[in-house]
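Trainee: Before anything else, here's the structure in question.
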Amino acid sequence: RKILKRKTDSTIDDIEEFLIENNFGVEFTEHFLEELKENRVKDPVGFLRKKIEDILDSVDTSLSLDGRPIVFLFVGTNGSGKTTSIAKVAYFFRNQGKKVLLIAGDTFRAAAIEQLTKWADKLNVPIVKQQLGSDPASVVFDGLESALKKKVDVVLIDSAGRVETKKNLMNELSKLQRVIEKKIGRSANEVLLVLDAYTGQNAVEQVEVFTQAVNVTGIVLTKLDGSSSGGIIVPIIERYKIPVKFIGVGEGIGDLKLFDKEFYINQLM
Amino acid sequence: SLKNNLQKAFKFFRSKGRLSEQDIKEGLREIRVALLEADVNYKIVKEVIKRVEEQARSQKVIESLTPAEQIITILYNELVAILGDAVPLNIVPNETNLIMLVGLQGNGKTTTAAKLAYFLKNQGKKALLIPFDFKRPAAKEQLVALAEKNGLEVFRDTLIEPVPTLEKALSYMQKNGIQIAIIDTAGRKEIDEEMMRELSDVYAKFKFSDVLFVSDSTIGQGALKVAKGFSEIVDLTGGIFTKFDSSAKGGAILSFRYVTGKPIKFVGTGEKITDLEVFYPDRVISRIVG
Ligand SMILES: Nc1nc2c(ncn2[C@@H]2O[C@H](COP(=O)(O)OP(=O)(O)OP(=O)(O)O)[C@@H](O)[C@H]2O)c(=O)[nH]1
Ligand SMILES: Nc1nc2c(ncn2[C@@H]2O[C@H](COP(=O)(O)OP(=O)(O)OP(=O)(O)O)[C@@H](O)[C@H]2O)c(=O)[nH]1
Ligand SMILES: [Mg+2]
Ligand SMILES: [Mg+2]
């Protein structure tokens, strides 16, 4: 991926190429190049780094951990890494000594329940599931019922992948959110939009549509161990003020980081 | 949106009648923005705009009564020239045809494998699905479930090593007179040396009728590097782009074709077994450029 040379070695063209090739998008790039001109910036790379830092600092990346059980709902487009991220987050909380329960809310995709069950077995955490084709709202309801009874600390809810163009599937998500709120008497602690770091401009549309369906509180940026820097989240954070709360850096159970500004910027620049 | 940007460009051109140098520059800028917002790679956009500009500057365009139409046609022809035509699967009758699907994690290989088997079944051709992902939890179960649901044959006796599994599957095919197999590999990064070595090892030991790169249409600028990486390890015969039912413009398709020179064979248009369509360049171009 495109790396920028320090200070005065980078021309305006280099900066433009860097921003576009890291998926910052045309709007952000043109606006930034305008800013460089207007401010007669001598160190454009330093100025860019500062701008990115400011954007990342403008949101609170801490997790919402009040109440018991802590409830996280994972949503996102197909194949972005929801199920794997749930396993990692379960491991994260289990290592803090918390009692975790998983809810197999993807009742649609082939072997989705088996996939999450295998993770539950590996982690030695309970999982609530029904058979394939059952109503996800019903599994979520049952799962939360069980979590409340068992006085579990953390509940992680998986949902089926869905593309933003399917209105009925977005409505299904809204319904899941309502079921959660009705069952625990408050909103979920986190509704996490799982976003693949390789995604291009479509990520903006994903955020746009998913935030209309549910109250997205944070992003899990996955596959950052790949050849993409996930630059798309910078314009997303600037525009939507949604923080990245977790970063996925591999396929293993331990390949999860709480969002780390330095880590993110260093792998980007 | 891309469509809006290009419509802006075309409106601009058409409103101008005869075109000045400045007009061409301005119109091309709109086109450039449109292509970039459609996720076409920066370097490719540069090249395409350069070629369109060279041709737009020719006397016949400047002196034309309909320069806008000329430039639009030039752009369209450039994109068509890059994309090429749909190319079918390389199935040779009375031979063993191995189709291997490769690509990044979560891009749609397993689902596409089942769709391909179903597609071939509807053409009267029997294909054996071979689970070849030994890493992801319940990967094999996923392919088996898809096979069972849709009346497709799947090779169930998998060991846990790629090469012995394929050898066993081949003898199974011979015994049962099956001539086509679709191998669903584990998702992997082109920068993962160990996983790419596993792939090249398999590629070297068997003969494949098709090695298809399966990619999500929502991938951004990085598509160029990923496609290049895979094409350098195995000789790809084509690409399949999934999630065409999303609102992604799919500029990655152009990047793939441009950097590998390989044809796009299919697009995935949903999660159902029937959601696989033969690639039509016109449809992709109109999606990218509105
Ligand atoms: N390299 C890498 N791979 C990841 C990461 N997160 C997930 N994956 C892989 O991405 C693929 C898809 O992950 P899943 O967890 O099944 O994704 P999903 O969003 O649940 O998919 P659907 O339920 O089908 O929509 C799997 O092969 C995962 O191992 C990550 O951070 N890095
Ligand atoms: N909307 C839509 N979803 C698709 C399409 N193709 C595949 N999917 C979905 O994308 C997700 C990932 O598909 P998989 O087939 O598991 O992807 P994969 O490449 O095998 O993933 P790994 O084996 O983990 O690398 C699943 O939820 C599929 O149902 C498509 O064309 N459109
Ligand atoms: Mg899943
Ligand atoms: Mg798979």
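Protein sequences appear in the order of chains H and X.
Once you know that position 136 of the first sequence is 136 in this note's numbering, the rest is easy, because the numbers rise by one and skip nothing.
In this note's numbering, each number is its position in the second sequence, counted from 1, plus 269.
Think of the CB as a built atom: it goes at the ideal place given N, C-alpha and C, for glycine as much as any other residue.
Below 8 Å CB to CB, which residues in the same chain sit around residue 1(H) once its five sequence neighbours on both sides are set aside?
Mentor: For the purposes of this step, residue 1(H) is taken as the residue at position 1 of the first sequence. Because the pLDDT of residue 1(H) is 46, which lies under 50, any placement of that residue in the model is unreliable, and the number read from its coordinates should be weighed accordingly. Closer than 8 Å at the Cβ level, and outside the excluded window around residue 1(H), lie 21, 22, 227, 228, 229.
Trainee: Under a CB-based cut-off of 8 Å, is residue 516(X) close to chain C?
Mentor: Any reference to chain C falls outside this structure, whose protein chains are H and X.
Trainee: With 9 Å as the C-beta to C-beta threshold (strictly closer), list the residues of the region 482-501 of chain X near chain H in chain order.
Mentor: Hits within the stretch, in order: 485, 486, 487, 488, 489, 490, 491, 492, 493, 494, 495, 498.
Trainee: Suppose the cutoff is 7 Å on Cβ atoms and the five residues either side in sequence are ignored; what does the same chain contact list for residue 419(X) look like?
Mentor: Here residue 419(X) corresponds to residue number 150 of the second sequence, with the count starting at 1. Closer than 7 Å at the Cβ level, and outside the excluded window around residue 419(X), lie 383, 387, 542.
Trainee: Can you give me the start and stop residues for the beta strand (DSSP E) that residue 508(X) sits inside?
Mentor: For the purposes of this step, residue 508(X) is taken as residue 239 along the second sequence, with counting starting at 1. Counting along the chain, the beta strand (DSSP E) containing residue 508(X) begins and ends at 507-511.
Trainee: On a CA-only basis, which of 284(X), 283(X), 289(X), 307(X) is nearest residue 523(X)? Give me that one, please.
Mentor: Along the second sequence, one-based indexing puts residue 523(X) at 254. When only C-alpha atoms are compared, the closest one is 307(X).
Trainee: Starting from residue 369(X), follow its DSSP beta bridges and name the residues at the other end.
Mentor: Position 100 of the second sequence, counting from 1, holds the residue named residue 369(X). Answer is 452(X), 480(X), bridged to residue 369(X).
Trainee: Determine the burial state of residue 251(H): buried for a count of at least 16 other Cβ atoms within 10 Å of its Cβ, exposed for fewer.
Mentor: As a first step, residue 251(H) is located in the first sequence; it is residue number 251 there, counting from the start. Answer is buried; the Cβ neighbour count reaches 16.
Trainee: What whole-angstrom Cβ distance do residue 376(X) and residue 547(X) have, given they're in contact under 8 Å?
Mentor: The residue given as residue 376(X) occupies position 107 in the second sequence. The residue given as residue 547(X) occupies position 278 in the second sequence. With a Cβ gap of about 19 Å, residue 376(X) and residue 547(X) do not count as contacting.
Trainee: Note down, in chain order, every chain H residue with its Cβ under 7 Å from the Cβ of residue 441(X).
Mentor: Indexing the second sequence from 1 puts residue 441(X) at position 172. Those within 7 Å of residue 441(X) in chain H number zero; the least Cβ separation is about 22 Å.
Trainee: Short of 7 Å Cβ to Cβ, which residues in the region 381-395 of chain X face chain H?
Mentor: Under the 7 Å Cβ criterion, the region 381-395 of chain X contributes no residue.
Trainee: How about residue 296(X): is its C-beta nearer than 8 Å to some C-beta of chain H?
Mentor: Within the second sequence, residue 296(X) is the residue found at index 27, counting from 1. Chain H contact via Cβ: absent.
Trainee: Can you list, in chain order, the residues of its chain whose CB lies under 8 Å from that of residue 158(H), leaving out five sequence neighbours each side?
Mentor: Against the first sequence, residue 158(H) aligns to sequence position 158. Closer than 8 Å at Cβ, skipping near neighbours: 74, 82, 83, 86, 102, 103, 104, 105, 106, 112, 116.
Trainee: Is residue 1(H) close to chain X? Criterion is C-beta to C-beta, closer than 8 Å.
Mentor: Residue numbering aside, residue 1(H) sits at position 1 when the first sequence is read from its first letter. Note that residue 1(H) scores a pLDDT of 46, beneath 50, so its modelled location is shaky and nothing firm can be said.
Trainee: If you measure beta-carbon to beta-carbon, which residues of the region 414-427 of chain X are closer than 8 Å to chain H?
Mentor: Answer in chain order: 414, 415, 418.
Trainee: Going by beta-carbon coordinates alone, are residue 212(H) and residue 195(H) separated by less than 8 Å?
Mentor: Your numbering for residue 212(H) matches position 212 in the first sequence. Your numbering for residue 195(H) matches position 195 in the first sequence. Cβ atoms of residue 212(H) and residue 195(H): not closer than 8 Å.
Trainee: To the nearest angstrom, how far is the alpha carbon of residue 540(X) from that of residue 516(X)?
Mentor: Position 271 of the second sequence holds residue 540(X). Position 247 of the second sequence holds residue 516(X). The straight-line gap from Cα to Cα measures roughly 15 Å.
Trainee: What are the boundary residues of the alpha helix (DSSP H) that includes residue 32(H)?
Mentor: In the first sequence, counting from the first residue as 1, residue 32(H) sits at position 32. Segment 25-38, the alpha helix (DSSP H) holding residue 32(H).
Trainee: Which stretch, first to last residue, makes up the alpha helix (DSSP H) that contains residue 499(X)?
Mentor: What you label residue 499(X) is simply residue 230 of the second sequence in a count that begins at 1. Its alpha helix (DSSP H) spans residues 492-502.
Trainee: Are there any heavy atoms of ligand 2 lying less than 7 Å away from the beta-carbon of residue 558(X), as far as the coordinates show?
Mentor: Residue 558(X) sits at position 289 when you count from the first residue of the second sequence. Checking every heavy atom of ligand 2 against the Cβ of residue 558(X), none is found closer than 7 Å.
Trainee: Since residue 219(H) contacts residue 256(H) with CB under 8 Å, what's their CB separation in whole angstroms?
Mentor: Along the first sequence, one-based indexing puts residue 219(H) at 219. Along the first sequence, one-based indexing puts residue 256(H) at 256. The Cβ separation is near 13 Å, so there is no contact.
Trainee: Kindly list the residues whose CB is nearer than 7 Å to the CB of residue 314(X), restricted to its own chain and excluding five residues on each side of it in sequence; keep chain order.
Mentor: Walking along the second sequence from the start, residue 314(X) turns up at place 45. Answer for residue 314(X): 301, 304, 305, listed in chain order.
Trainee: Is the CB of residue 233(H) under 8 Å away from at least one CB in chain X?
Mentor: By 1-based counting over the first sequence, the position of residue 233(H) is 233. Chain X contact via Cβ: absent.
Trainee: Can you pull the chain H neighbours of residue 437(X), defined as C-beta to C-beta under 9 Å?
Mentor: In the second sequence, residue 437(X) corresponds to position 168, counting from 1. The contacting residues do not exist; residue 437(X) stays about 22 Å from chain H at best.
Trainee: How do the region 335-349 of chain X and the region 409-425 of chain X stand: do at least 3 beta-carbon pairs fall below 8 Å, yes or no?
Mentor: Result no; under three Cβ-Cβ pairs closer than 8 Å.
Trainee: Just to check, is the beta-carbon of residue 87(H) closer than 7 Å to a non-hydrogen atom of ligand 6?
Mentor: By its list of ligands, the structure shown excludes ligand 6, since it contains just ligand 1, ligand 2, ligand 3 and ligand 4.
Trainee: Can you look up residue 416(X) in the DSSP assignment and give me helix, strand or coil?
Mentor: As a first step, residue 416(X) must be located in the second sequence, where it is residue number 147. It is helical.
Trainee: Residue 292(X) versus chain H: which residues are under 7 Å apart at the beta carbon?
Mentor: Stepping through the second sequence from its first residue, residue 292(X) is reached at position 23. Result: empty, since nearest Cβ-Cβ is about 20 Å, beyond 7 Å.
Trainee: Using a Cβ-Cβ cut-off of 8 Å, state whether residue 164(H) counts as contacting chain X.
Mentor: Start at 1 with the first residue of the first sequence, and residue 164(H) comes out as number 164. Yes, its Cβ sits closer than 8 Å to a Cβ of chain X.
Trainee: My understanding is that residue 507(X) touches residue 531(X), with C-beta atoms under 8 Å, so please give their C-beta distance in whole angstroms.
Mentor: As a first step, residue 507(X) must be located in the second sequence, where it is residue number 238. As a first step, residue 531(X) must be located in the second sequence, where it is residue number 262. Yes, residue 507(X) and residue 531(X) are in contact; Cβ-Cβ is about 5 Å, under 8 Å.
Trainee: Please classify residue 271(X): is it buried, with 16 or more other beta-carbons within 10 angstroms of its beta-carbon, or exposed?
Mentor: What you label residue 271(X) is simply residue 2 of the second sequence in a count that begins at 1. Low per-residue confidence applies at residue 271(X): pLDDT is 46, beneath 50, and the placement is therefore not dependable, though the value from the model is reported in the following sentence. So residue 271(X) ends up on the buried side.
Trainee: Which residue marks the beginning of the beta strand (DSSP E) containing residue 221(H), and which one marks its end?
Mentor: On the first sequence, position 221 is the one that residue 221(H) refers to. 218-222 is the span of the beta strand (DSSP E), which, as asked, contains residue 221(H).
Trainee: So within the region 41-106 of chain H, which uninterrupted beta strand (DSSP E) runs reach at least 3 residues, ignoring any that extend past its ends?
Mentor: 70-76, 100-103, all fully within the region 41-106 of chain H.
Trainee: Report yes or no: do the region 286-297 of chain X and the region 259-268 of chain H share at least 3 C-beta pairs separated by less than 8 Å?
Mentor: Taking 8 Å as the limit for Cβ pairs, the verdict is that the region 259-268 of chain H does not touch the region 286-297 of chain X.
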